[in-house]
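Sequences listed follow chains A and B, in order. Going by the UniProt record's numbering, the final residue of the first sequence carries number 265, and the count climbs one at a time with no gaps. Going by the UniProt record's numbering, the final residue of the second sequence carries number 490, and the count climbs one at a time with no gaps. Read the structure below first, then the notes.
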Amino acid sequence: MRIVCLAKLVPDVDNFQYDHERSALIRENVRLLLNPADATAVAIALKLKADSRAGSVHTVTLGPRSAMPHLEDLLRRGVDRATLISDPAYAGSDTHVTSHILAAFLSRCGFDVIFAGTHTLDGGTGHVGPQVAEILGIPHMAGISHMDPESLSEGRAQVRVESEEASYTFALQLPAVLGFAYAPEPKLPFIRYEALKRDLSGRVEVIDNQALGLAPEQVGVLGSLTRVRKIHVKGFRSPNTRFVRPDDEGIERVYRFLREKGFVR
Amino acid sequence: MDKDLLLKEVRALLGDAQVNTDPEALYDASADRYKKYAKARRVLDVPPPAAIVYPRSTEEVARLLSFCNEHGINVIPRAGKTSTEGGLENWKELTLVIDALHLDKILKIDEYNMQATVQAGVPLQKLEDALRERGYTTGHSPQSKPVAKFGGLVATRSIGQFSTLYGGIEDMVVGLECVFPNGQICRIKNVPRRSGGPDIRHIAIGNEGSLCYITEVTVKIYRYFPENNRFYGYLTKDLATGIQVLREVMVNGYRPSVARAYSEEDARQHFYHFHKGKCVLLFMAEGNRHIVDATCKGIEEAVAKFKDGILEQVSSELIENWFNHLNWSQQDIDDEFEGMKEKDSHDGFTTEVSADWETIPKLYDNVIRRIRSEFPRAHDLTLLGGHSSHSYINGTNMYFVYNYEINCAPEDEMRVYHHPIQRIIVEETLKLGGSMCHHHGIGKYRNEWTQQEHGSAYFMLKKLKEAFDPNGIMNFGAIFYQEEGAKFQK
Numbered sequence: 001m002r003i004v005c006l007a008k009l010v011p012d013v014d015n016f017q018y019d020h021e022r023s024a025l026i027r028e029n030v031r032l033l034l035n036p037a038d039a040t041a042v043a044i045a046l047k048l049k050a051d052s053r054a055g056s057v058h059t060v061t062l063g064p065r066s067a068m069p070h071l072e073d074l075l076r077r078g079v080d081r082a083t084l085i086s087d088p089a090y091a092g093s094d095t096h097v098t099s100h101i102l103a104a105f106l107s108r109c110g111f112d113v114i115f116a117g118t119h120t121l122d123g124g125t126g127h128v129g130p131q132v133a134e135i136l137g138i139p140h141m142a143g144i145s146h147m148d149p150e151s152l153s154e155g156r157a158q159v160r161v162e163s164e165e166a167s168y169t170f171a172l173q174l175p176a177v178l179g180f181a182y183a184p185e186p187k188l189p190f191i192r193y194e195a196l197k198r199d200l201s202g203r204v205e206v207i208d209n210q211a212l213g214l215a216p217e218q219v220g221v222l223g224s225l226t227r228v229r230k231i232h233v234k235g236f237r238s239p240n241t242r243f244v245r246p247d248d249e250g251i252e253r254v255y256r257f258l259r260e261k262g263f264v265r
Numbered sequence: 001m002d003k004d005l006l007l008k009e010v011r012a013l014l015g016d017a018q019v020n021t022d023p024e025a026l027y028d029a030s031a032d033r034y035k036k037y038a039k040a041r042r043v044l045d046v047p048p049p050a051a052i053v054y055p056r057s058t059e060e061v062a063r064l065l066s067f068c069n070e071h072g073i074n075v076i077p078r079a080g081k082t083s084t085e086g087g088l089e090n091w092k093e094l095t096l097v098i099d100a101l102h103l104d105k106i107l108k109i110d111e112y113n114m115q116a117t118v119q120a121g122v123p124l125q126k127l128e129d130a131l132r133e134r135g136y137t138t139g140h141s142p143q144s145k146p147v148a149k150f151g152g153l154v155a156t157r158s159i160g161q162f163s164t165l166y167g168g169i170e171d172m173v174v175g176l177e178c179v180f181p182n183g184q185i186c187r188i189k190n191v192p193r194r195s196g197g198p199d200i201r202h203i204a205i206g207n208e209g210s211l212c213y214i215t216e217v218t219v220k221i222y223r224y225f226p227e228n229n230r231f232y233g234y235l236t237k238d239l240a241t242g243i244q245v246l247r248e249v250m251v252n253g254y255r256p257s258v259a260r261a262y263s264e265e266d267a268r269q270h271f272y273h274f275h276k277g278k279c280v281l282l283f284m285a286e287g288n289r290h291i292v293d294a295t296c297k298g299i300e301e302a303v304a305k306f307k308d309g310i311l312e313q314v315s316s317e318l319i320e321n322w323f324n325h326l327n328w329s330q331q332d333i334d335d336e337f338e339g340m341k342e343k344d345s346h347d348g349f350t351t352e353v354s355a356d357w358e359t360i361p362k363l364y365d366n367v368i369r370r371i372r373s374e375f376p377r378a379h380d381l382t383l384l385g386g387h388s389s390h391s392y393i394n395g396t397n398m399y400f401v402y403n404y405e406i407n408c409a410p411e412d413e414m415r416v417y418h419h420p421i422q423r424i425i426v427e428e429t430l431k432l433g434g435s436m437c438h439h440h441g442i443g444k445y446r447n448e449w450t451q452q453e454h455g456s457a458y459f460m461l462k463k464l465k466e467a468f469d470p471n472g473i474m475n476f477g478a479i480f481y482q483e484e485g486a487k488f489q490k
């Protein structure tokens, strides 16, 4: 079984900086990290491989060249092949264009099933998985919390999806796009010290638009169906800081505050 | 001698109650906070000691050391257990950890002569509390104050957060008692000053357990005036401005107890509620009212002189609040340890160096540039910055701080992350003529550079080891490079 994982590198949203004058994110030196739900998807794929239920795991990433060290790490963790789709022409692509770019590559790379994370930390629209499935004409399910590994050998994927009200079980005919919800387990395997020196050449490739052959008007801002008019950074109001001493008066004041806010009854 | 015979002999020397062979205690004793993550994940690669022993007197220490000296048993002196540089890590199969647990008495507080005498196992906090009740202070406040003990503080040449006023431990120790491997007990008397040859206090101060075992210490004490404390905080446009202001204050002869300049990144983790993405400069003035008034004036003048680099003043209440939460307690240490069992992260690492005023900004820039461009795991860094926190008339320290997402196996963490970063910091520091270790000591993981640190003066250091510990039983690997220990370092 060949598993392809869609793996997005997202900015570390806890530490990004914003240029208020230009209304733009400062992307220089922004740390990237593997989107947590995508990491769950890759971890599940690698577990299947370790249990001999999958033959190969291939990650596909659309993003900047600075994603490369992270893709190399995925190879060190046990991924067989990594593809980075990167082209300046793709800058500004919305989820519609992103899905078309990914689908253009996926339609020719060969797979039995596609794993992805359902949501990303940065955008969080959850569009890309379903749109890729739609373009490829295969089934899709989002928010998967569990997958029965046995079912894969029968050419289908039996998955569980949780909602606030109930837990649902679905079966999808393969090939399909399976969107996993983030879960703390399984974790990605550790990178071992020895793996850091491993020769990765030939296992990681960079694909640009010349290879995919999409028309300029199909990609980037031009091809996007949605427009970003303005980005608002949610400002955090500085709280009124009040200092109290650890005496009866201070304790009373803190207690009253907590009562007002409903933290104590 | 094998381990069974060693334990039999040690029990005969001290009695069963003073010999601890509990496996958990021995695991804990096999490494200090240097390998905190591997330790929490239970993947330490170093052997446990044979036992932890708890002498009740200087004479028992002497008997233990004589015995170990005669039989070639490695000894790790321990008091407080807050070592951060591998000083307490064990590299030998046959090792005794001699812990100062029972050397726990405050022997004398001499208010008239302004000095206090304590045994090596007295926690700094215990003496500080006793002094505060009488209106005095030790003036010593390392971050580990609630946990650290005097034997460890003196053996590692520790420094406190108020060092710019009170100095490091070497400025506080008046006299001490220590025991050498051959069982020789030496007492250095308590006098205001002496010119009786070289100052032999410094053979014991900072020896990191590699020459002798410190059993008793006498330190200066100071009048304590908390009601006079004054705080200043500023946002600065860059770290260089902060350092310029620190220098201005120091060279004009002022001695604020706290004088610190933080990079943007480091300020973000310490002062999340007011840093605004800028560098932070802060001061605290303490002492008697006249000195505090003068010091405050000096700080204000220095800030005014470099006003172009000062972005805004911060409420002194915020600085005071920060100051009141400076120390980490045993609870903080335990919480980090518990967290590391579950999470692939910890509270980060530091490497502390020093150099003259002219060199420190260059050194900082060189280190940051090299780490960003050469460190193969730079993409995992979640924090990289630094601060100056101990200043002198001729220079200051730089406390490099860094943290990272740990993506490797726990047993590989040091060689994948910490060691490559530490190497860059040490190399750049030595290249520019600074000291690679400002106040943590050399421990066991900077010993490959000890010779380079001291240059031609290494001759003197080496001779001390040869003279006082000819059989090499004292804290194998601490300060002095050992080929046999390299397997734990690389």
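Positions of the beta carbon are idealized from the N, C-alpha and C atoms, including for glycine.
Near chain A, meaning a CB-to-CB distance below 7 Å, no residue of the segment 325 to 354 of chain B qualifies.
DSSP places A259/B within a strand segment (E or B) once states are collapsed to three. For the pair A25/B and G72/B, the Cα-to-Cα distance works out to about 23 Å.
The Cβ-Cβ distance between V353/B and H438/B falls below 8 Å. The three-state secondary structure of M460/B, taken from DSSP, is helix.
Scanning the segment 216 to 261 of chain A from its first residue to its last, the whole alpha helix (DSSP H) runs of 4-plus residues come out as 220 to 223, 248 to 260. A direct Cα-to-Cα measurement between S86/A and Q210/A gives close to 10 Å.
Per DSSP, reduced to three states, the secondary structure at H102/B is coil, with no helix or strand assignment. Spanning the alpha carbons of R156/A and Y90/A requires a straight line of approximately 34 Å. Taking a contact to require three or more Cβ pairs closer than 8 Å, the segment 76 to 88 of chain B and the segment 461 to 481 of chain B qualify as touching. With respect to V113/A, A176/A sits close: the two C-beta atoms are nearer than 8 Å. Taken in chain order, the unbroken stretches of beta strand (DSSP E) that lie wholly in the segment 105 to 159 of chain B and span 3 residues or more are 106 to 110, 115 to 119. Identification of chain B residues near D73/A by a Cβ-Cβ cut-off of 7 Å yields N407, ordered along the chain. Inter-segment contact for the segment 271 to 287 of chain B and the segment 204 to 219 of chain B is absent: fewer than three beta-carbon pairs are separated by less than 8 Å.
A Cβ-Cβ separation of about 5 Å places Y222/B in contact with T137/B under the 8 Å criterion.
For T236/B, no Cβ of chain A is located within less than 8 Å of the residue's own Cβ. Within the segment 312 to 326 of chain B, those residues whose Cβ lies closer than 9 Å to any Cβ of chain A are, in chain order, S315, E317, L318, E320, N321.
Linking F488/B to L153/B through their CA atoms gives a straight-line distance of about 25 Å. DSSP, read as helix, strand or coil, puts S354/B in strand. Per DSSP, the beta bridge partners of Y402/B are F349/B, L384/B.
Beyond the five residues adjoining it in sequence on each side, A40/B comes within less than 6 Å, by CB distance, of F337, M340, K341 in the same chain, given in chain order. The segment 399 to 407 of chain B makes no contact with the segment 176 to 192 of chain B: fewer than 3 CB pairs, one atom from each, lie closer than 8 Å.
Following the DSSP letters along the chain, one finds D148/A inside the beta strand (DSSP E) bounded by residues 140 to 148.
Annotated three-state conformation of F67/B is helix, per DSSP. From the beta-carbon of V426/B, no residue of chain A is found nearer than 7 Å; the closest lies around 21 Å away. Counting only Cβ-Cβ distances below 8 Å, R31/A has contacts in chain B at H379, L381, T382, in chain order. For the segment 210 to 243 of chain B, no residue has a beta-carbon sitting nearer than 9 Å to a beta-carbon of chain A. Between the segment 374 to 390 of chain B and the segment 4 to 20 of chain B there are fewer than three C-beta pairs closer than 8 Å, too few to call the two in contact. Bridge pairing for M284/B: F231/B, V258/B [DSSP]. Separation of the CB atoms of H390/B and T396/B is rounded to 7 Å, and the pair is thereby assigned contact status at 8 Å. The beta carbon of S144/B sits closer than 6 Å to the beta carbons of T82 from its chain, once the five residues preceding and following it are set aside; these are given in chain order. The segment 95 to 103 of chain B and the segment 169 to 176 of chain B do not touch, with fewer than three beta-carbon pairs separated by less than 8 Å. At least one C-beta of chain B is nearer than 8 Å to the C-beta of F243/A. Looking from the CA of N240/A, the closest CA among G139/B, L318/B, S456/B, H387/B belongs to L318/B. Under the three-state reduction of DSSP, Q173/A is assigned to strand. Within 10 angstroms of the beta-carbon of H58/A lie 16 or more other beta-carbons, which makes it buried.
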